[in-house]
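For what it's worth, the working numbering labels the leading residue of the sequence shown as 11, then goes sequentially.
We put the beta carbon where it would ideally sit given N, CA and C, even for glycine.
Computed from a predicted structure; not experimentally measured.
One structure is given below, encoded as structure tokens.
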Amino acid sequence: MLKGKALFKFENISTGERYELLVDCCSSRVVETVPGWSHNITNIGEDEMIVMLWANEIFDRNAPDTYFHPL
Numbered sequence: 011m012l013k014g015k016a017l018f019k020f021e022n023i024s025t026g027e028r029y030e031l032l033v034d035c036c037s038s039r040v041v042e043t044v045p046g047w048s049h050n051i052t053n054i055g056e057d058e059m060i061v062m063l064w065a066n067e068i069f070d071r072n073a074p075d076t077y078f079h080p081l
């Protein structure tokens, strides 16, 4: 988190287990997402939110391995 405040929501798509994580720019924190868990990032601050994201591969729209799952 480079700027702002965020609420991360996670749900295991097999078991339905859920949890939430509050993160702000004052806490140096790495938030990892793993296969089988749906995730959502929401700006809960009053200002702009900037998050640095990294993926191990470039998303291929012709062969997607990422699916929408509502939280």
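Segment contact, 8 Å Cβ cut-off, at least three pairs: the region 44 to 53 with the region 15 to 30: yes
Residues of its chain near E30, where Cβ-Cβ distance is below 7 Å and the 5 sequence neighbours each way are ignored: L17, F18, K19
Distance between V61 and G55 (C-alpha atoms, nearest Å): Roughly 13 Å between the two C-alpha positions.
Residue from P45, T25, M11 with nearest C-alpha to D34: M11
Residue span of the beta strand (DSSP E) that contains S38, given as start and end: Unbroken run through S38: none, as it is neither H nor E.
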